[in-house]
Structures are given as structure tokens and as C-alpha cells.
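In my numbering, the protein residues as written are 210 to 504.
Glycine included, each C-beta is placed from N, C-alpha and C at the ideal position.
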Amino acid sequence: MIEAAMIWNEPNNKSHWDPELDPDWIAFGRMASLAGQAIKAEAPGLLRVLGGISPIDPVFISKLRSRGVLDDVDVVAVHGFPLDWNLWPIHEWPERLKEIQAVTDLPVWVSEVGVSTFGAEEVQEFGLQRTADLLIGRVPRIHWYSLYDLPRSWEATTRHREAEGSSYYRHFYMGLLREDGSPKLAMSHFNRYTPDMGICQWFHYEDHRLDDAVRWLRDLGVRHLRTGLSWADSFRPNALDWFDRQMKALEEFDVTVTFCFTPEHRGLAPHHTSPPQVPEEFAEFCATMVRRYAA
210 MIEAAMIWNE PNNKSHWDPE LDPDWIAFGR MASLAGQAIK AEAPGLLRVL
260 GGISPIDPVF ISKLRSRGVL DDVDVVAVHG FPLDWNLWPI HEWPERLKEI
310 QAVTDLPVWV SEVGVSTFGA EEVQEFGLQR TADLLIGRVP RIHWYSLYDL
360 PRSWEATTRH REAEGSSYYR HFYMGLLRED GSPKLAMSHF NRYTPDMGIC
410 QWFHYEDHRL DDAVRWLRDL GVRHLRTGLS WADSFRPNAL DWFDRQMKAL
460 EEFDVTVTFC FTPEHRGLAP HHTSPPQVPE EFAEFCATMV RRYAA
């Protein structure tokens, strides 16, 4: 079932929301509020989660709170990758959570946390165990990113410079499973932490890994899954057929579904990170998906 709807992904990350088009997040705040209101109108009991922020920035949360955006969500979320591209050590996780908890009374979720195997699989093995020690019991939801490595043929772009801590080539090696589906070292430990620790796994349009992913999630004892439905993908041929197949396959899990990605022809600029020309259109997409899969 769907337990939560997340509004966008990493809105304060310039690789996911274009700060040149919306430098003070005014457009984002209006869009997020409209989406939150639309989701509540369709499913009053469904949790609404502000898109997980990266970097973890209490000033950003305070800014949205001052504009009333947090009145239209039930949860805020953070993403952290201290062993890869955040510029803080892994043992600071409790302090990073406290920074956000100090500026909002809303629950705080960790909707993405992970460690790449770019350098060595043993690093991920250590990172999983240390992350579990630091986060389980501190927050209501933890989603490990991710189940699969990204296929190296897929595009993963960034607007960040290396000096800003991006190291984006690591992004292809975040999975517990390699691209070919074989398990890495950390996989043998993951079921120690379920169901307290969930998984974040994005599925691309007509993703060939969907059925195998469900089998792995089931075998690992995962209960909480975070994934996404793309507004941009909704304009592809037979998009609803794919959305229906994806959500049907995942119905045994407690799913946080993330709504994001602007269609190129509906953005202020032709890019998925652009603010929409008409923010009500994104809100209507959220409402339509909630009506179809959660209401």
C-alpha cells in the first residue's frame, strides 16, 4: 500500500531543482504547498512528506516554514551520504538530525542514506553497519539507497563541481546488488536491519529490474520502500500502463511514492529540474496519482 506521498526529491540540490530559475525557492514553495493541499484533498489520511533535502540544511527548512510550506506537509526528510559526497563524517548523523529537529516539530525521516562501493565493497559493508547503529531508533523511517547499482549506460548528471563534494561517479555504485544482479558484501548483512531499515529504489520507465527487485525485497524482509512516479514520464506513450504495473508489483510493501521531474514542455526551461510554468499542473498530477493508487 502507499503510506506516504513525497513532494519532489532534493529540492535544495541544484542537480534536482534549478536555482538559477528559482534562486530563493519561492516557486518551489508555492508548488509544494499546492501539491500538499491537493494530496490531502484526495486522501486526508495519507502522509505528505517534503522532498528529502540534500544537503541537510536547517536554514532551508526554516525558510520554507516561514512561508507556510510546512503547514501543507506532515513530515520532513533528509538525505545523507557522508562516506561519499557530503563533507561531514558519518558519526555526525545524530547532530545533523538535531539541526533539523530544532527548526520544526514535524517528524524527520531519512529517506536516502547509502554508501558506494566505488573504492571497495568493504567500505559499504562498514557504512551499512555504522549507519544502522546511528539511525535505527532515532527516526521513524530509514530508506537505504539503493538496492541496485545504476546501469553504467544510464545518464546521471550533476551541476555540482568536484570541490563541492559531488564525486558523482560514485552514484553508479550505491547498490547492494551489482548491475548484473549479483550481491555485494553488504547484502549479506542487510536483513539484520529489516524491517527497521527500508530501501529506496527508483524504477525507470519500463524498468527491466522490477520483478527481480520485488523478489529481493521480499527475501530481505523489507517492509518500507521508497520509489517514484515521474510527472515527466506521464507524457510517454502508455505511461499509465507502466505506472499500474509498477504499483501493482509493489503493493505488498509500505510505499513512499515520490512525485517529481518536470516535463520539458511544461517547465520554465526545457529540463526536468525546472520549476513548472503552471504549478497547479504538478499538483494535479499528484492528485491524479493519489486518486489512482492511494485514495
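Can you tell me which of the options puts its alpha carbon nearest to the alpha carbon of residue i?
i, options, result
"Arg274", "Gly336, Ala286, Val312 and Arg257", "Val312"
"Leu426", "His352, Val258 and Ile270", "His352"
"Phe462", "His398, Leu256, Trp294 and Val431", "Val431"
"Asn295", "Gly390, Pro316 and Ser263", "Ser263"
"Arg418", "Leu359, Leu434 and Val466", "Leu359"
"Phe381", "Tyr402, Tyr357 and Lys393", "Tyr357"
"Ala441", "Ala213, Glu490 and Leu259", "Glu490"
"Gly346", "Leu306, Glu334 and Thr326", "Leu306"
"Trp451", "Glu415, Asp342 and Pro472", "Glu415"
"Ala448", "His413, Arg424 and Pro232", "His413"
"Leu243", "Arg501, Cys495, Arg500 and Ala503", "Cys495"
"Tyr505", "Leu459, Gln486, Cys469 and Ala492", "Outside the displayed range of the chain (210 to 504) lies residue 505, so it cannot be described from this structure."
"Val322", "Asn400, Met498, Gly328 and Thr340", "Thr340"
"Thr522", "Val319, Leu438, Val268 and Gln338", "As shown, the chain starts at 210 and ends at 504. That puts residue 522 outside it, with no answer to give."
"Gln486", "Asn221, Val324, Thr497 and Phe237", "Phe237"
"Arg445", "Val423, His474, Leu429 and Asp428", "His474"
"Arg424", "Gly390, Gln246 and Ala395", "Gly390"
"Gly254", "Val319, Gly245 and Gly260", "Gly245"
"Asn218", "Val324, Asp231, Met210 and Thr467", "Thr467"
"Val282", "Phe269, Ser271, Arg276 and Leu259", "Leu259"
"Met383", "Val332, Trp234 and Pro220", "Val332"
"Tyr402", "Glu304, Met215, Glu334 and Val278", "Glu334"
"Asn221", "Ala213, Ala214, Pro267 and Asp453", "Pro267"
"Tyr378", "Lys393, Ser362 and Asp314", "Ser362"
"Glu493", "Ile211, Met210 and Ala241", "Ala241"
"Gly277", "Leu256, Arg239, Asp233 and Trp318", "Arg239"
"His398", "Asp421, Gly336, Asp314 and Met498", "Gly336"
"Ser325", "Leu386, Glu212, Pro303 and Gln455", "Leu386"
"Val284", "Ile216, Trp302 and Lys272", "Ile216"
"Leu315", "Asp231, Asp233, Asp280 and Thr436", "Asp280"
"Asn400", "Ile299, Leu429 and Ser320", "Leu429"
"Glu212", "Ile235, Leu256 and Asp231", "Leu256"
"Leu343", "Leu477, Glu301 and Phe327", "Glu301"
"Ile299", "Arg454, Pro488 and Gln338", "Gln338"
"Leu477", "Met210, Trp297, Met498 and Asp231", "Asp231"
"Lys507", "Thr465, Ile235 and Thr497", "There is no way to answer for residue 507, as the model of the chain reaches only from 210 to 504."
So the beta strand (DSSP E) residue i belongs to, where does it begin and stop?
i, result
"Asp213", "One point to set straight first is that residue 213 is Ala, not Asp, in the sequence displayed. Unbroken beta strand (DSSP E) run through Ala213: Ile211 to Ile216."
"Glu321", "Val317 to Val322"
"Arg257", "Leu256 to Leu259"
What does DSSP give as the partner residues of residue i in its beta bridges?
i, result
"Tyr354", "Cys409"
"Val348", "Ile345"
"Ile262", "Val287"
Hey, quick one: how far does the alpha helix (DSSP H) through residue i stretch, first residue to last?
i, result
"Ser391", "Unbroken run through Ser391: none, as it is neither H nor E."
"Glu251", "Ile235 to Glu251"
Are there three or more Cβ pairs, one per stretch, closer than 8 Å when the region 241-253 is compared with the region 285-301?
no
Runs of 4 residues minimum, wholly inside the region 424-487: which ones carry the alpha helix (DSSP H) assignment?
448-458
Does the region 471-483 come close enough to the region 212-228 to have 3 or more Cβ pairs within less than 8 Å?
yes
Length at least 3, wholly inside the region 276-337: the beta strand (DSSP E) runs in chain order:
285-289 and 317-322
Would the region 338-352 count as touching the region 400-416 if we require 3 or more Cβ pairs under 8 Å?
yes
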